[in-house]
Structures are given as C-alpha cells and as structure tokens.
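*Asks:*
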Amino acid sequence: MDPLLAGDLARLPELLGMTREYASRFLAGLAERPVVRAGWGVDGEAEALPAEGRGLEAALAAFGARWEAGLSGAAGPRYLGFVTGGATPAGLAGDWLTAAYDQNAASGGDSCAAALEKETLGWLRELFGLSEAHSGAFVSGATVSNTVGLAVAREWVGSRLGVRVSEAGAAALGPVDVLSGTPHSSIGKALSMLGMGRERLRTVATLPGREAVDVDALAAALAALDGRPAIVVANAGTVNTVDFDDLRAIAALRDRFPFWLHVDAAFGGFAALSPAHAHLTDGLDLADSVCVDLHKWLNVPYDSAVQFTRRRDLQTAVFHNSSPYLGAPGPVDPGFPPSHPGELPPPAGPAGLAHPQCLRRRRPPRDRHPQRGLRRRVGRAARRAPGLRTARASPPQRRLLHPHRPSRRGAAGRVHHRADRLR
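Here the working numbering is used: the first residue of the sequence shown is 1, the next is one more, and so on.
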C-alpha cells in the first residue's frame, strides 16, 4: 500500500476529527460570513500539480490556507442569491454517510442499498401525491431530471411515429414540437443535449401579468400541429415569480391532442405538502414525467433531484445498459430495477425502472417522521414571504420586480387530498 494512504488509514479517526473541526468552524460562522466572495483567488497564480501526494492532514492545511476563506456563506441564512445550500444537520450527516458507506445502489444482489433507495423514492412519491404508476430515480439536479424526463418523452413521440429513437437516433425522428409558457433555461439545454434542439422549444402565450400558460392558447397551438405528437412542458413554480400552470386543465387537453406532459416542479413541487398551497399542484399526478429538486425545499446538500415517470418501459429503452460483466438479470420488481439495472428487459417485456446511473450523485437522508416537519417548513416559509417582500422593497436601492400574488384556490373542492393526509 502507498505509505501516505497507509498513514492516513492508520490515523483515520484523528483525521476525520480534523475534518469535522473544519466543517464545524465554517457552520458556526455562517451567520457572519460574507455571502459573496466575488473574484476571490481568480487572479492568483494557480498552483502547479504536485509531483507527490501530501496526505490528508497536509491537504487540509493547504485547503485552509488557500481556499477556505474565499468560499461564500451560501449555506447560511443571509444568502438570497440562488436556491442552494442550507443543508439540515440530517442532510449533512446523510451526505457524509453516503460517502463513508460508498454503496453501489445499482444492484440488490450484494447489499440492501437498492432497497433503501427504493423505499426512499416511494416516500417521495407519496409526499408529492403521485400515483403508484410513477416510478422514480435520483439524479444530480433539476437540469438532469428535466433531461431524463424529456428523453423519455422523446421516446414516446417516436413510438407514436413508429420510430425507436433509442435505437435509430434523434435524426430518424425528425423535428419535435415542444410547447411551454415560461420554460426554465434548463429545458432548452436539455433539448440541445438530446438532439432535439433549442429552436424546437416554442413559447406559448401566458395569462395577463402572469407566467402561467394560457391554456386556451396552448390548445390552439396544439390544434395547429394537425395531430402530430408533441411535448408540453408545464411549470409548477416558475423561476422568476413561482407561478403555477393549471396542471389539471392542461392534462385534460390530452383528450383532444396527442402530447406528453412533462411537469417541471423543481421549485414548486413541495407546495403539495402545504394545505394552503396544495391546490397549486393539483393535477401533478396526471403528468407523464415530473422533475423535483431536492436541494431546495428538502434541504439536502447541493445538488440533488428526483425524476418520476409513468412509462418505465420507455425509460428502460432509453437508459438500459447491457454488458457481459454485469451477468444475467435478476427477477424484475415492477417498481424498481432488477438486480442489474444495466441488464433491463426490452420495452416489450416486463417493465423495470432504468436508472440513469452515471448521473446520480446523492440520495436524500431519511427521517422516520418527515411528513409533518416538511409540511411545517413549507408553510412557515410561505407565510414569511410577504414580510420578506416588504423588507426587501422598502430601501430606495431595491425595487420589487413582481407584486406578491396571494395563494389562490381553484374551483370548489379542488384542494388536493395530499395535504389533508398530512394533518
């Protein structure tokens, strides 16, 4: 064994204690730490690649001397830039243990890691009120979650046109129309990566003074396609004003037009947990695919997300991976991968969930009683939002870009049962 590695292993408890001290000092000072370190270290001379390793203690010292002071307080309460950071103690511990146990959750044949992941995905599916038909997979962020959902949507469009895109390629499919009212920038990026192209994203008119799509305008845009299958990207919480499309009304259009409904719920999916706001996500369970970011409301370390889809067979077609070293596939669990997700059955066979395995980084930590705590967290944040608006808009150097929009309930009786279950 390398002497440095052997020395680190021999001192592992001591070195982990040093690492803990670094983390503890950082977390203890978050309330006062500057939230912006713009340009810190950018103009400095880069250190050359060392010819020899230095061991963990020396590496920690070098990190502390060169980089620690330049890191922002994004994990603290004064950071209002992006929706990142702020991991709870449980999230921090879960991330540490994920690295320590270092399991490969692709297979259930050598540990219970796959079963742990399956159960956690089931909990999340229940939290968001999705149906048993929705299967899930963890991915590294909302951009990847949207990409996975749109990849499955692309396969669905191909199935309507007699093209197996996963085999023949995107060029064999031809142009695909993707419609959305106020799409997040990651949608265009996903279309670029998937070979459909940013130019295929068509923005549809929104409601006056809103970022929510005008459902009548969407219906007209779909009618103009003359029956060609399309992809509709609906929003449950837009990035600028956290507006919500009428998901149920959009889903009802499938009775008249052929389209795949993908819901980008990265920001607003957790509104389903709040009795006062659950109506905003009414119809989420009707989506063909759903994106939810977990490093926002769930407060796990950046970055983590989950994706859900109704069509495990199509996801299998896109993401399956076969190689002799993976061995023969094990028994198929209809709600989760077989023992080797790389050896998934073809779409015509039993459906198994294909993991975009190389894209997944972190699994959220688990709490035995998460529902009520998460519901309180979402509700508390929503109640404080109007006060934050007033505080931020009052100084002359700040300007409120969009007025506060009170929570609106839809038609009588439309408040979804998800929140009622959590009382």
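All residues carry an ideal CB built from backbone N, CA and C; glycine is no exception.
It should be emphasised that the depicted structure is a prediction, and the values quoted were computed from it without experimental measurement.
I need the boundaries of the alpha helix (DSSP H) containing Q315, first residue and last residue.
*Replies:* Residues R312 to F319.
*Asks:* Report yes if the C-beta distance between N235 and D245 is below 8 Å; otherwise report no.
*Replies:* Yes, the pair counts as a contact, with Cβ atoms nearer than the cut-off.
*Asks:* Distance, Cα to Cα, P386 vs L400?
*Replies:* So the two alpha carbons sit approximately 12 Å from each other.
*Asks:* I'd like to know whether the C-beta atoms of A230 and L222 end up nearer to each other than 8 Å.
*Replies:* Yes. Within cutoff.
*Asks:* At a cut of 8 Å, does the stretch 299-306 reach the stretch 89-98 through at least three beta carbon pairs?
*Replies:* In short, these stretches touch, since the Cβ pair count reaches three.
*Asks:* How many angstroms separate the CA atom of T84 from the CA atom of T241?
*Replies:* Straight-line Cα distance between these residues: approximately 17 Å.
*Asks:* Does DSSP put H295 in a helix, in a strand, or in coil?
*Replies:* In the structure shown, H295 sits in coil (DSSP, three-state: anything other than H, G, I, E or B).
*Asks:* Start and end of the alpha helix (DSSP H) containing D95?
*Replies:* Here the alpha helix (DSSP H) through D95 covers P89 to Y101.
*Asks:* Return yes when the Cβ of A113 is within less than 8 Å of the Cβ of A100, no when it is not.
*Replies:* Result no, Cβ atoms of A100 and A113 do not sit closer than 8 Å.
*Asks:* Let me know the secondary structure DSSP gives W156 once reduced to three states.
*Replies:* In this structure, W156 counts as helix in the three-state DSSP scheme.
*Asks:* When DSSP labels each residue in this structure, what does L201 get in the three-state scheme?
*Replies:* Residue state, collapsed to three classes: strand.
*Asks:* Classify S323 as buried or exposed, calling it buried when 16 or more other Cβ atoms lie within 10 Å of its own Cβ.
*Replies:* S323 comes out exposed.
*Asks:* My output table needs one value for D255: the three-state DSSP class, helix, strand or coil.
*Replies:* Helix at D255.
*Asks:* Taking just the CA atoms, how far does Q307 sit from S145?
*Replies:* Those two C-alpha atoms are separated by around 5 Å.
*Asks:* Which class does P338 belong to by DSSP, given the choice of helix, strand or coil?
*Replies:* No answer about P338 holds up, because its pLDDT of 37 lies below 50 and its placement is not dependable.
*Asks:* From the DSSP secondary-structure annotation, give me the bridge partner or partners of V178.
*Replies:* BP columns for V178 point to L201 and I231.
*Asks:* Determine whether the beta carbon atoms of W260 and D288 lie at a separation below 8 Å.
*Replies:* Taking 8 Å as the Cβ cut-off, W260 and D288 qualify as a contacting pair.
*Asks:* Among residues of its own chain, excluding the 5 on either side of L286, which ones have a beta-carbon nearer than 6 Å to its beta-carbon?
*Replies:* Around L286: A251.
*Asks:* In terms of alpha-carbon separation, which member of V36, R54, E45 and S185 lies closest to P77?
*Replies:* The residue with the shortest Cα to Cα distance from P77 is V36.
*Asks:* What are the residues that DSSP puts in a beta bridge with S304?
*Replies:* Note: S304 sits in no beta bridge, so no partner.
*Asks:* Could you name the residues of the same chain whose beta carbon sits closer than 6 Å to that of T281, not counting the 5 residues immediately before and after it, in chain order?
*Replies:* Result list for T281: A236, A271 and A272, in chain order.
*Asks:* Under the three-state reduction of DSSP, which class applies to P347: helix, strand or coil?
*Replies:* Reliability of the predicted coordinates at P347 is poor, the pLDDT of 31 falling under 50, and the value obtained from them is presented with this limitation in mind. In the structure shown, P347 sits in coil (DSSP, three-state: anything other than H, G, I, E or B).
*Asks:* Is the separation between the beta-carbon of G136 and that of H262 shorter than 8 Å?
*Replies:* No, these two residues do not count as a Cβ contact at 8 Å.
*Asks:* Comparing alpha-carbon positions, which option in D226, D216 and A265 lies nearest V239?
*Replies:* Residue A265 is the option with its Cα nearest to V239.
*Asks:* Taking C-alpha atoms, which residue in L80, L121 and S159 lies nearest to F138?
*Replies:* Out of L80, L121 and S159, L121 has the C-alpha closest to the C-alpha of F138.
*Asks:* Please name the residue in T316, R311 and W297 whose C-alpha comes closest to that of A381.
*Replies:* Checked all of T316, R311 and W297; the closest Cα to A381 is W297.
*Asks:* Rounded to the nearest angstrom, how far is the Cβ of D8 from that of L16, given a contact under 8 Å?
*Replies:* Going by Cβ atoms, the distance from D8 to L16 rounds to 10 Å, so no, they are not a contact pair.
*Asks:* Can you give me the start and stop residues for the beta strand (DSSP E) that G136 sits inside?
*Replies:* Here the beta strand (DSSP E) through G136 covers S135 to V139.
*Asks:* When burial is assigned at 16 or more other CB atoms within 10 Å of the CB, is L5 buried or exposed?
*Replies:* Exposed is the call here.
*Asks:* Assuming contact is defined by CB atoms lying nearer than 8 Å, are L130 and L284 in contact in what I supplied?
*Replies:* Closer than 8 Å, so yes.
*Asks:* By Cβ distance, which residues of its chain are closer than 6 Å to Q357, with the 5 residues on each side in sequence left out?
*Replies:* Any reading at Q357 is ruled out, since the residue's pLDDT is 36, under 50, leaving its predicted position unreliable.
*Asks:* CB-CB under 6 Å to A205, same chain, minus the five flanking residues each way: which ones, in chain order?
*Replies:* Excluding residues within five positions, the ones whose Cβ falls inside 6 Å are D214 and A217.
*Asks:* Just mark A75 as buried or exposed, buried being the case when its beta carbon has 16 or more other beta carbons within 10 Å.
*Replies:* Buried is the call here.
*Asks:* Run through the DSSP bridge pairs and tell me what V213 is partnered with.
*Replies:* DSSP, once it has assigned bridges, lists T206 as partnering V213.
*Asks:* Give me the DSSP bridge partner(s) of D264.
*Replies:* Paired residues: N235 and C291.
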